[in-house]
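Novice: Protein chains in written order, with this note's numbering: chain A, 8 to 143; chain B, 2 to 116.
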């Protein structure tokens, strides 16, 4: 079974406007988690507080609608907590003809297949111990 | 897991409100009245969803005085299915919060013309 969760949400705002809600840590903390710290550059570190759980992570790819020829936006990041395998989250904004935007999210846990429970999160090598994994 | 059981599990999880209920109960066991108070559906609708989730073996009923408290049982799900149910429920909640946040933000209610 593919370990994939996908959701879609139609937004009544333009992709550029929705992009802020997806990438600004202050706006993200209104919906993604209780507290969000995120350095919006590839490889940037991220930290998410969800209730009593803290997840660390890093940004894989970030491409603003203003920089894409088709006006779409994409943010992908990895996150994990404690000894659970890291999972990959992708948020994509696709402009719709009516001025609205389609938000697609997908979360996968590709590392689960490799049985890498307990291995430090890709990109979190700055903590200085354990093998380092690079995202494909 | 026998095939008919798998059908019941995935059938129960096909509905976003049932996933949301399961995710809520997985965090803390609750009664139908408590769930109806926390979610935008009637107690009657909650009871119907709870019956479906219980039938699929995803919830167990625990009598507590005059109330029945529901508790999540991850047992009938494989690891992958339970991960997808849990994470899916979390995203349903996050996207509901995002929709609320965008609806409440001043000056962001109306669609804009495309570029």
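Cβ coordinates follow ideal geometry from the N, Cα and C atoms, glycine included.
Could you check whether the Cβ of residue 31 of chain A sits closer than 9 Å to any Cβ belonging to chain B?
Specialist: Chain B contact via Cβ: absent.
Novice: Using a Cβ cut-off of 8 Å, pull out every chain B residue sitting near residue 116 of chain A, in sequence order please.
Specialist: By Cβ distance, chain B contributes 84.
Novice: Measure from the C-beta of residue 54 of chain A to each C-beta in chain B and report whether the shortest distance is under 9 Å.
Specialist: Chain B contact via Cβ: absent.
Novice: Quick one: residues in its chain with C-beta nearer than 7 Å to the C-beta of residue 54 of chain B, no 5 flanking neighbours on either side, listed in chain order?
Specialist: Correct list, in chain order: 13, 19, 22, 23 and 60.
Novice: Identify the contact partners of residue 68 of chain B in chain A, using a Cβ-Cβ distance below 7 Å as the criterion.
Specialist: Per Cβ cutoff of 7 Å: no residues; residue 68 of chain B is ~25 Å from chain A at best.
Novice: Which value, in whole angstroms, describes the spacing of the CA atoms of residue 105 of chain B and residue 98 of chain B?
Specialist: Whole-angstrom Cα-Cα distance: 10 Å.
Novice: If distances are taken between C-alpha atoms only, which option among A:60, A:25 and A:42 comes closest to residue 89 of chain A?
Specialist: Checked all of A:60, A:25 and A:42; the closest Cα to residue 89 of chain A is A:60.
Novice: Which residues of chain B have a Cβ atom closer than 7 Å to the Cβ of residue 82 of chain A, listed in chain order?
Specialist: Under the 7 Å cutoff, chain B gives no residues; its nearest Cβ is about 13 Å from residue 82 of chain A.
Novice: Looking only at its chain, what residues have a beta carbon closer than 6 Å to the beta carbon of residue 26 of chain B, apart from the 5 residues adjacent to it on each side?
Specialist: Correct list, in chain order: 71 and 73.
Novice: If the criterion is Cβ atoms closer than 9 Å, does the pair residue 57 of chain B and residue 44 of chain B meet it?
Specialist: It is not a contact, given that the beta carbons lie outside the stated cut-off.
Novice: Could you tell me which chain A residues have their CB closer than 8 Å to the CB of residue 89 of chain B, listed as they occur along the chain?
Specialist: Simply 12 and 14.
Novice: Check the DSSP bridge columns for residue 13 of chain A and list the partner residues they point to.
Specialist: In the DSSP output, where bridge partners are listed per residue, residue 13 of chain A has A:113.
Novice: Under 8 Å between beta-carbons, which chain A residues line up against residue 93 of chain B? List them in chain order, please.
Specialist: Neighbours of residue 93 of chain B on chain A, chain order: 14.
Novice: How would you list, in chain order, the residues of chain A whose beta-carbon sits under 7 Å from the beta-carbon of residue 31 of chain B?
Specialist: Residues of chain A passing the Cβ test: none, with the nearest at roughly 16 Å.
Novice: Can you find a CB in chain B that lies within less than 9 Å of the CB of residue 171 of chain A?
Specialist: One cannot answer for residue 171 of chain A here, as it falls past the ends of chain A, which runs 8 to 143.
Novice: Could you give the distance in angstroms between the alpha-carbon of residue 84 of chain A and the alpha-carbon of residue 51 of chain B?
Specialist: Each residue's alpha carbon lies about 34 Å from the other.
Novice: What does the alpha-carbon distance come out to for the pair residue 15 of chain A and residue 110 of chain A?
Specialist: For residue 15 of chain A and residue 110 of chain A, the distance between alpha carbons rounds to 6 Å.
Novice: Evaluate the contact criterion for the segment 49 to 64 of chain A versus the segment 9 to 29 of chain A: three or more CB pairs, one atom per stretch, below 8 Å.
Specialist: Contact between the segment 49 to 64 of chain A and the segment 9 to 29 of chain A is absent, because fewer than three Cβ pairs lie under 8 Å.
Novice: Determine the contact status of residue 79 of chain A and residue 22 of chain A, defining contact as a CB-CB distance below 9 Å.
Specialist: For residue 79 of chain A and residue 22 of chain A, yes; Cβs fall inside 9 Å.
Novice: Measure the C-alpha to C-alpha separation of residue 26 of chain A and residue 68 of chain B and round it to an integer number of angstroms.
Specialist: Straight-line Cα distance between these residues: approximately 45 Å.
Novice: Output needed in chain order: residues of the segment 21 to 47 of chain A with a Cβ under 7 Å from some Cβ in chain B.
Specialist: Flagged, chain order: 21, 24, 28, 37, 38 and 39.
Novice: Which residue comes first and which comes last in the beta strand (DSSP E) that contains residue 48 of chain A?
Specialist: Here residue 48 of chain A belongs to no beta strand (DSSP E), and DSSP marks it neither H nor E.
Novice: Residue range of the alpha helix (DSSP H) that residue 80 of chain A falls in?
Specialist: Segment 80 to 87 is the beta strand (DSSP E) holding residue 80 of chain A; no alpha helix (DSSP H) there.
Novice: Pull up the distance between the alpha-carbon of residue 121 of chain A and that of residue 93 of chain A, whole angstroms please.
Specialist: Below a pLDDT of 50, predicted positions are generally treated as unreliable, and residue 121 of chain A, at 40, falls in that range; the measurement from the model is reported next regardless. Taking the straight line from one Cα to the other gives about 11 Å.
Novice: At 9 Å on the CB atoms, spell out the chain A contacts of residue 102 of chain B, in chain order.
Specialist: Ordered by position in chain A, the residues that pass the 9 Å Cβ test against residue 102 of chain B are 28, 34, 37 and 38.
Novice: Cβ closer than 9 Å: which chain B residues qualify as neighbours of residue 98 of chain A?
Specialist: Result: empty, since nearest Cβ-Cβ is about 10 Å, beyond 9 Å.
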